[in-house]
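Working notes, structure below.
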Amino acid sequence: MFKCKTVWDKLAPLARASSTLCLQNARKSVLRHGRKLEMVQKAQMSSGPAGGGGQNALYYVLVGATCLGGGVYAYRTVSGDKERYNERMMQIASRSKQGPLAAEAVAEVVTQSKEEPTLTEPPVEEPLVTEALVESTETEPIVEESVTEPIVEASIPEPIAETPVTEPVVEAPAVTQSEEPLAPVVESETEPTPVIIAEHVPEASSVSESAAVSEAAPAAEPVEPTAAHPDVPEHAPYLLIGGGTASFAAARSIRARDPGARVLIVTEESDLPYMRPPLSKELWFSDDPKATEILRFKQWNGKERSIYFQPPSFYVSPADLAKVENGGVAVLTGRKVVHMDVRGNKVKLSDGAEISYEKCLIATGGVPRNLQVIDRAGEEVMKRTTLFRKIEDFRSLEKISREVKSITIVGGGFLGSELACALGRRSTDIGLEVFQMFPEKGNMGKVLPEYLSNWTTEKVRREGVNVITDAVVKNVSYKNDKLEIKLKDGRLIKTDHIVAAVGLEPSVELAKSAGLEVDSDFGGYRVNAELQARSNIWVAGDAACFYDIKLGRRRVEHHDHAVVSGRLAGENMTGANKPYWHQSMFWSDLGPDVGYEAIGIVDSSLPTVGVFAKATAKDTPKAATEQSGTGIRSESETEAVAGTLKAETKATAPRIQQKEDYGKGVIFYLRDQVVVGIVLWNVFNRMPIARKIIKDGEHHADLNEVAKLFNIHED
5 MFKCKTVWDK LAPLARASST LCLQNARKSV LRHGRKLEMV QKAQMSSGPA GGGGQNALYY
65 VLVGATCLGG GVYAYRTVSG DKERYNERMM QIASRSKQGP LAAEAVAEVV TQSKEEPTLT
125 EPPVEEPLVT EALVESTETE PIVEESVTEP IVEASIPEPI AETPVTEPVV EAPAVTQSEE
185 PLAPVVESET EPTPVIIAEH VPEASSVSES AAVSEAAPAA EPVEPTAAHP DVPEHAPYLL
245 IGGGTASFAA ARSIRARDPG ARVLIVTEES DLPYMRPPLS KELWFSDDPK ATEILRFKQW
305 NGKERSIYFQ PPSFYVSPAD LAKVENGGVA VLTGRKVVHM DVRGNKVKLS DGAEISYEKC
365 LIATGGVPRN LQVIDRAGEE VMKRTTLFRK IEDFRSLEKI SREVKSITIV GGGFLGSELA
425 CALGRRSTDI GLEVFQMFPE KGNMGKVLPE YLSNWTTEKV RREGVNVITD AVVKNVSYKN
485 DKLEIKLKDG RLIKTDHIVA AVGLEPSVEL AKSAGLEVDS DFGGYRVNAE LQARSNIWVA
545 GDAACFYDIK LGRRRVEHHD HAVVSGRLAG ENMTGANKPY WHQSMFWSDL GPDVGYEAIG
605 IVDSSLPTVG VFAKATAKDT PKAATEQSGT GIRSESETEA VAGTLKAETK ATAPRIQQKE
665 DYGKGVIFYL RDQVVVGIVL WNVFNRMPIA RKIIKDGEHH ADLNEVAKLF NIHED
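Counting along the sequence shown from 1, when you hit position 171 you're at 175 in my numbering, and nothing is skipped either side.
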């Protein structure tokens, strides 16, 4: 036994080199002494040779130093972030609340703080600072927190390991609350508060940088809209972009459903909302020499009215929109919306002003198209070309018609044919030669069936217009004080002025900034059946490519559609959630004697069936307005009319006859044997019946029987 112990004592140092031998030693010791192994033996275990206690101590020192260094680094990082945050908050406060003078004052205060590092004894200064702030800001006790925290920070010149544990990071609310006393702090030099502000930026480089940024900030920041544009409201619950018929119809609908609504219309034009149809119709037939200036005209029924929907007294001032007791409609003229922030619910105007909104309607309409050959012809040609759309275009063309000897209208659609008849009617009196040219075989060739288009062309010629059909413009030039229009077939027309009436391009400039979809087939903003482009954005009028639940996706460019779609959009903006099903109508008058109304898809490429009858003296636009009392026929139509009209049963409608005199009649446009469009030729006040036929969408075996519903054979 004694021999074994002697050998073990000699081998004991070697046992420390092996963890296995050490474990065996521990087990034997437990068996021999009958007690647990002391914890100190675990500390002696090491992978090195005997005598490794010094290395363990060195290990502890290295680990401790690493932890201490990491803590110091973390504290410096947090402190630096906090200081930069405080600097930024002071800069924002100086810009938004105190203005340029306050920003300079903050820079001066920071400079003073560098020169006066007086806070070396926090226990002495802290009560004084607290008292000063309580006296100057009695209603804001939170300010005391934001001031006393920097005092503790200033009393620690060098960060130590315990600081990150005991000192919290200054929170954003404390810094925000410290913005308010900036102005009174600068006024009083005896109070220590300015020095406290300097403690947020202890480093010299940070102080100089912060001061420089504060001084430059007022020049870099954009001017606030309220200061530069006092007439522009900052917020509009209902914002309507565009000042045309659709916007006005929407405003009227919104006010009808929400009497206290505040509606703001923003329009690029300088005029209040007005109706466009008289610009190419009744205004040209007025006997009043001042009609061009006052824009009042006589309807076909002899009654006089203004082109404007409402007088200026109807609207409230944009600056007072938020103040009026019961709300109202305000119009901001001469301003264009150039950018739309859909996420922020605000728009930017051409003059830099911004307006926020809750619900928005885009009713920007469109701009007149021009022929590419005219665009490329040069400045002299463009100066002698009118794109007819607005009031100023009407006034300009009316003046030109009295000064030149010849005017050529390019386009055979609604607008071109109406202007041709209007100018042709007065051409004899003023010695004006009027030309009208278009690529179709007759007037309204894309709308009317060929036989009716040919008849209409002869009617326009009888008004004094030189109609040139199958005319494709190849080149336009200016020579010898004349515009020379060369056609593709070699014909040459010399004229003094050109009116381009070749269609409308929907105005979709806001689509890019707003992220709205533009339809690739029809153009315009793509909306659903409720005229929605987004959850709080609607589109109406010419710019809307809507889904018609009966006829599919469409885009319509007519007055009545602007009225109907604007009204529906206004209702939906107030929570109606109605789909578009009401078929809008459109009409065209070739003077006071011939006119037609149409509804649905009216396309000459579709198969048609026409039923005609002999016209009487009351089958004219003039007689129709005398009966309805309005020149805008869509305003008088009601669904009740459809129920009061009875189908004619005494007379039998004749089959369609190809003859030269189409007094009055009904033309049905078919698609898959279903009526999708109807033209009422010199038949008025029957539009609700046509609307119901299209809405029903039924197959009709004999359209002559359907034509009886319009009573075209009555005396």
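Yeah, the Cβ is synthetic: ideal placement off N, Cα and C, and Gly gets one too. These numbers were taken from a predicted model, which means no experiment stands behind them.
Segment limits, alpha helix (DSSP H) that includes residue i
i    : result
S421 : 418 to 434
I404 : 395 to 405
D379 : 376 to 379
I553 : Looking at the DSSP string, I553 is not in any alpha helix (DSSP H), and its letter there is neither H nor E.
S457 : 454 to 466
G570 : 563 to 577
R261 : 249 to 261
R695 : 691 to 700
K516 : 515 to 518
Cα-Cα separation between residue i and residue j, rounded to whole angstroms
i    : j    : result
S284 : G332 : 31 Å
G264 : S517 : 31 Å
V670 : L427 : 28 Å
K86  : L244 : 45 Å
L713 : V506 : 36 Å
E437 : K409 : 6 Å
F392 : I693 : 33 Å
G510 : Y89  : It should be noted that the sequence gives Pro, not Gly, for residue 510. Whole-angstrom Cα-Cα distance: 48 Å.
P316 : N715 : 43 Å
A250 : I434 : 36 Å
E139 : L325 : Per-residue confidence for E139 stands at a pLDDT of 39, beneath the threshold of 50, marking its modelled position as unreliable; the derived number appears in the next sentence. E139 and L325: Cα-Cα distance of roughly 41 Å.
A424 : L299 : 20 Å
L66  : V82  : 24 Å
R259 : H343 : 27 Å
L72  : Y63  : 14 Å
V680 : D355 : 46 Å
P241 : V371 : 28 Å
R675 : Y455 : 20 Å
A254 : S569 : 8 Å
I603 : R695 : 7 Å
F318 : R280 : 20 Å
P234 : N581 : 36 Å
E91  : L572 : 52 Å
Unbroken beta strand (DSSP E) run spanning residue i, endpoints
i    : result
R558 : 556 to 558
L365 : 358 to 366
H501 : 501 to 504
N470 : 469 to 472
A334 : 332 to 336
E308 : 308 to 310
V543 : 541 to 543
V451 : No beta strand (DSSP E) holds V451; DSSP gives it neither H nor E.
V678 : 678 to 685
Same chain, Cβ closer than 6 Å to residue i, five either side skipped, listed in chain order
i    : result
E272 : K340
N470 : F439
I252 : The sequence shown places Phe at residue 252, rather than the Ile named in the question. The answer, listed in chain order, is P277, F313.
C549 : D523, F526, G528, R530, R559
G633 : In this predicted model, G633 has a pLDDT of only 47, less than 50, meaning its place in the structure is not dependable enough to derive any value.
V710 : H704
E362 : P241
Same chain only: Cβ atoms within 7 Å of residue i, ignoring 5 sequence neighbours per side
i    : result
H703 : Q677, V678
V560 : S588
L491 : A475, V476, V477, K478
L555 : G604, I605, V680
Chain D within 7 Å of residue i, Cβ atoms only
i    : result
G494 : Any reference to chain D falls outside this structure, which holds one protein chain only.
Distance between beta carbons of residue j and residue i, contact taken as under 8 Å
i    : j    : result
K445 : D474 : 6 Å
A357 : I269 : The pair is not a contact, with the Cβ atoms about 15 Å apart (cut-off 8 Å).
I359 : E238 : 7 Å
A504 : L594 : Not really, about 20 Å apart at Cβ, beyond 8 Å.
F616 : G667 : 7 Å
G412 : T499 : Sequence check: residue 412 is Thr here, not Gly. 4 Å between Cβ atoms; contact.
K450 : G417 : 7 Å
Beta-carbon contacts of residue i that lie in its chain and below 8 Å, excluding the five residues immediately before and after
i    : result
G247 : I269, V270, T271, E272, E273, D275, L276, P277, V335, T337
P583 : A533, E534, I553
L610 : Y673, L674, R675, V680, G681
Open item on the list: Under 8 Å, with one C-beta from each stretch per pair, do the region 440 to 460 and the region 378 to 386 reach the 3-pair mark?
Closed with: Contact fails: fewer than three Cβ-Cβ distances are below 8 Å.
Task: Contact between the region 454 to 465 and the region 594 to 609 (3+ Cβ pairs under 8 Å) - done: Between the region 454 to 465 and the region 594 to 609, the count of Cβ pairs shorter than 8 Å is three or higher; the stretches touch.
- [ ] Inspect the CB distances between the region 346 to 353 and the region 480 to 496 and report whether three or more fall short of 8 Å.
- [x] The region 346 to 353, when compared against the region 480 to 496, does not touch it at the 8 Å Cβ threshold.
Open item on the list: Whether or not the region 532 to 552 and the region 394 to 402 are in contact is what I'm after, with contact meaning three or more pairs of Cβ atoms, one per stretch, closer than 8 Å; do they touch?
Closed with: The region 394 to 402 and the region 532 to 552 do not touch, with fewer than 3 CB-CB distances between them shorter than 8 Å.
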